[in-house]
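At position 51 of the sequence shown the residue is numbered 223 (the working numbering), and the sequence of numbers has no breaks.
Built from N, CA and C at the ideal position, the CB exists for glycine as well.
Quick caveat: nothing in here was measured; it's all calculated off a predicted structure.
Below: the structure, in structure tokens.
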Amino acid sequence: MELDWEEFKKKFPNLAREMENRVQTVNIGGVRTYDAEELDELKMPDAISYLRRCETEEQAIEVIDYLERKGEITKDYADTLRNQLKEKGVRSFGSLKKPDYYMRKYYYGNP
């Protein structure tokens, strides 16, 4: 279903007013630019899992370059990751995975 803004305002006047006045906003901490399937990150971590371990942009570039060179990701996907890194920063891939992240998440249930 596609609505133009005027039609949206007629159907949802209160919501439209809140959006125009920015009554409530929420910061988004992580962005994935593809449809992420349910992956078993313990057996097969994806590029994002590796990037979440990076503390700096330089580390993230090294990871992206390595995964591309080894054929783990395509050139197009590597370019997409580089663009996201440049535009939104290393934390746009998600919060930092600290040491013992998997132990806390899967054993204790507390990432």
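Contact between the stretch 233-246 and the stretch 265-281 is absent, with fewer than three C-beta pairs closer than 8 Å.
Using a Cβ-Cβ distance cut-off of 8 Å, the stretch 228-236 and the stretch 185-195 are not in contact, since fewer than three pairs of beta carbons, one from each stretch, lie closer than that value. Around the C-beta of VAL198, fewer than 16 other C-beta atoms lie within 10 Å, and the residue is accordingly described as exposed.
For the set ASN186, TYR222 and LYS247, the Cα lying nearest the Cα of LYS269 is the one of TYR222.
Excluding its 5 nearest sequence neighbours in each direction, LEU253 has C-beta neighbours in its own chain below 6 Å: ILE236, listed in chain order.
Sequence-distant partners of LYS181 (beyond 5 residues in either direction) whose C-beta falls short of 7 Å from its own C-beta, in its chain, are ALA188.
For GLU227, the closest of ASP251, ASN186, SER264 and PRO185 by C-alpha to C-alpha distance is SER264. For ARG225, the three-state secondary structure derived from DSSP is coil. Counting along the chain, THR252 sits inside the alpha helix (DSSP H) bounded by residues 247-260. Your pair ARG224 and GLY266 checks out as a contact, with CB atoms roughly 5 Å apart and the cut at 8 Å. Within a 10 Å sphere around the beta-carbon of LEU214 sit fewer than 16 other beta-carbons, which makes this residue exposed.
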